[in-house]
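The opening position of the sequence shown corresponds to residue 62 in our numbering, with each subsequent residue numbered one higher. Note that beta-carbon positions come from the ideal geometry of N, C-alpha and C, so glycine has one too. In this text the structure is predicted, and so the values were computed from the model without any measurement. First up is the structure itself, then whatever we jot down about it.
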Amino acid sequence: MSELTRLSLSDAVSRLRNRDISSVELTRAYLDQIAALEPTIHAFITVTADRALADAARADQQRANGDDRPLLGVPLAIKDVLSTTGVQTTCGSKILAGYTPVFTATAVKRLEDAGMVLLGKTNMDEFAMGSSTENSAYGVTRNPWNLDRVPGGSSGGSAAAVAAGMAAGAIGTDTGGSIRQPASLTGLVGLKPSYGRVSRYGLVAFGSSLDCPGPLTRTVEDAARLLGIMAGHDPLDSTSMPVEVPDYVAALNGDVKGLRVGVPKQYFIKGTQPEVDATVHAAIEQLRALGAEIIEIDMPHTDYSLPVYYIIAPAEASANLARYDGIRFGARVDKGDMWDTYKATRGEGFGPEVKRRIMLGTYALSAGYYDAYYGKAQQVRTLIKQDFDKAFERVDVIAAPTSPNTAFKLGENVNDPLSMYLEDVFTLPASLAGVPGLNVPCGFDSQGLPIGMQLFAPAFREDVLLRAGHAYQQSTEWHKRSAQVKI
Ligand code: GLN
């Protein structure tokens, strides 16, 4: 393995800037790593090797001509839910096999404009529904720390790619935890921005009031860099907010003295793996040692997040997925007759979890049940958001575990949807409230599997979130350990 594949994105940027390395060298190192590990890990659905090398050569040429864009020549991987012109975008589903978009998602476009080199599109749970990447129609992804374990999901391919040194950083999407949870299970930094901070244009929709693109990286500084490039208002997405984007890297002053950190008792509960509980408590003590003030807080509606999310997300999904009918969108399974074609297209194109969500969502939205389920869930969502509003009157950030368990075994939860849904218990509230959440590695369990701490901040205060996460990370060594993949 080339030591180049262990660099943080920020270190890669400075080595490229100083001309210590070329983009072609760096891109080759990642492509070699992909060639060696991809048969075992399976982080990608599509690898764009030729295009990556051509883009890298062009980036080197541009640098020689004085170009110094922030990501010039930096190789990244993108979750296969984000549209990329000319590169197949499957969303982990058979129904989108062979679909090649004619436009590029704004979040990706901004990275391209900043000079990134696209290594490929990463594996994911079908339509981003899942917590283990086992729901992909393109096979499972393995956790680089332990090949019998899941990498988390739904952005498990993006997480595994970075953790295994197959990309300098990756982009995922988070609807209910799909960036933070895989980051936690693979020892990475994962940032779900505030809802509306990063454009959803070109992101294949799952839950439109919840979906957020964001980075998975080795360090908080790397995440700050990528967010700064992707964030900001986009006229093509009416829910993207016209809020100024601060310089997130400049916000990383390493200082948390006097920062008020809220610790909600509802996130430290029975059922969590004891090592996770203890390790996150130790991380909070570390923040105290750095000068933060630790304050116990109450978020009484936390428990309702799981039932509320599993009404709202499937409801929105059922509406969003109606377009895959084999006529307007989706790979058609032609049966001559319209209804038979429709049934066969959706019957063969969607996997079991997607069908389950469509049924749940359609039921929750149907006449007679709408008020009892969807309407009620929206009301309780407001109460969950108010828990955050009240907490942020007293504290600057909130600290909690990201996932109740470290990486579980492949196959362990596949046939039990409820236990799979329970893996999201700590990530769902921030998604429903629209506030940003950050996973920072904070230790390992007795089996050597990574543990993550989750931090929340008020909407559009990613600067505070990143500052807290960075200060913590600077005082620890967890992020410096790399997975040793045994092939
Ligand atoms: N695991 C959650 C779900 O299955 C969240 C997924 C996501 O954030 N995309 O819906």
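Check: State the Cα-Cα distance for the pair L252 and M399, rounded to the nearest angstrom.; Outcome: 44 Å
Check: So what does DSSP say about A520, is it helix, strand or coil?; Outcome: coil
Check: Secondary structure at M420, three-state DSSP: helix, strand or coil?; Outcome: helix
Check: Count the other CB atoms, across all protein chains shown, that sit within 10 Å of the CB of P413; report buried if there are 16 or more and exposed otherwise.; Outcome: exposed
Check: When you compare only the Cα positions, how much space is there between G237 and T402?; Outcome: 33 Å
Check: Does G429 come out as helix, strand or coil in the three-state DSSP assignment?; Outcome: coil
Check: Relative to the C-alpha of P511, which candidate in G472, E336, F449, A518 has its C-alpha closest?; Outcome: E336
Check: Can you tell me the Cβ-Cβ gap for V135 and L70, rounded? I've got them flagged as a contact below 8 Å.; Outcome: 6 Å
Check: Under 8 Å: do the segment 371–380 and the segment 348–363 share three or more Cβ pairs, one atom per stretch?; Outcome: no
Check: Considering F505, what are the terminal residues of the beta strand (DSSP E) in which it resides?; Outcome: 498–505
Check: Measuring CA to CA, which of V496, L137, I232 is closest to P42?; Outcome: Since the first and last residues shown for the chain are 62 and 548, residue 42 lies out of range.
Check: Return the CA-CA distance between L287 and M420, expressed in angstroms with no decimal places.; Outcome: 37 Å
Check: According to DSSP, is V458 part of a helix, a strand, or is it coil?; Outcome: strand
Check: If we ignore side chains and look at the alpha-carbon of each, how far apart do R407 and L133 end up?; Outcome: 41 Å
Check: Contact check, T467 vs Q334 under 8 Å by CB: the rounded distance?; Outcome: 6 Å
Check: How about L92 and S84: are their beta carbons less than 8 Å apart?; Outcome: no
Check: Secondary structure at R528, three-state DSSP: helix, strand or coil?; Outcome: helix
Check: Rounded to a whole number of angstroms, what is the C-alpha to C-alpha distance between S239 and L246?; Outcome: 11 Å
Check: Within 10 angstroms of its Cβ, does K451 collect 16 or more other Cβ (buried), or is it exposed?; Outcome: exposed
Check: Alpha carbon to alpha carbon, how far is T202 from M185?; Outcome: 8 Å
Check: Tell me the residue span of the beta strand (DSSP E) that contains L11.; Outcome: As shown, the chain starts at 62 and ends at 548. That puts residue 11 outside it, with no answer to give.
Check: Give every residue of the same chain whose Cβ lies closer than 8 Å to the Cβ of T150, excluding the five residues on either side of it in the sequence, and list them in chain order.; Outcome: D141, V142, L143, S144, L157, Y160, T161, P162, K182, V265
Check: Buried or exposed for N204, please, with buried defined as at least 16 other CB atoms from any protein chain shown within 10 angstroms of its CB.; Outcome: buried
Check: Assuming T66 and L179 form a contact by the criterion Cβ under 8 Å, report the distance between their Cβ atoms to the nearest whole angstrom.; Outcome: About 17 Å; that fails the 8 Å criterion.
Check: Taking all protein chains shown into account, decide if F469 is buried (16 or more other Cβ within 10 angstroms of its Cβ) or exposed.; Outcome: buried
Check: Please classify D235: does DSSP put it in a helix, a strand, or coil?; Outcome: strand
Check: I'd like the list of long-range same chain contacts for G387, defined as Cβ closer than 7 Å, with 5 residues on each side in sequence excluded.; Outcome: R393, V394, T402, Y403, T406
Check: What does the alpha-carbon distance come out to for the pair L516 and P131?; Outcome: 27 Å
Check: Where A312 and I290 are concerned, what is the direct C-alpha to C-alpha distance, given to the nearest angstrom?; Outcome: 15 Å
Check: Are the beta-carbon atoms of V304 and L527 separated by less than 8 Å?; Outcome: no
Check: For the pair the segment 205–223 and the segment 166–176, tell me if three or more CB-CB distances fall below 8 Å.; Outcome: no
Check: Pick out whichever of A544, F188, S75 has its Cα sitting closest to the Cα of G268.; Outcome: F188
Check: Excluding the five sequence neighbours on either side, which residues of its own chain have a C-beta within less than 7 Å of the C-beta of V310, listed in chain order?; Outcome: E282, A285, R286, G289
Check: Can you check whether the C-beta of I512 is within less than 8 Å of a C-beta belonging to chain B?; Outcome: Although the question refers to chain B, the structure presented lacks it and comprises just one protein chain.
Check: Give me the Cα-Cα distance between Y199 and F105, rounded to the nearest whole angstrom.; Outcome: 9 Å
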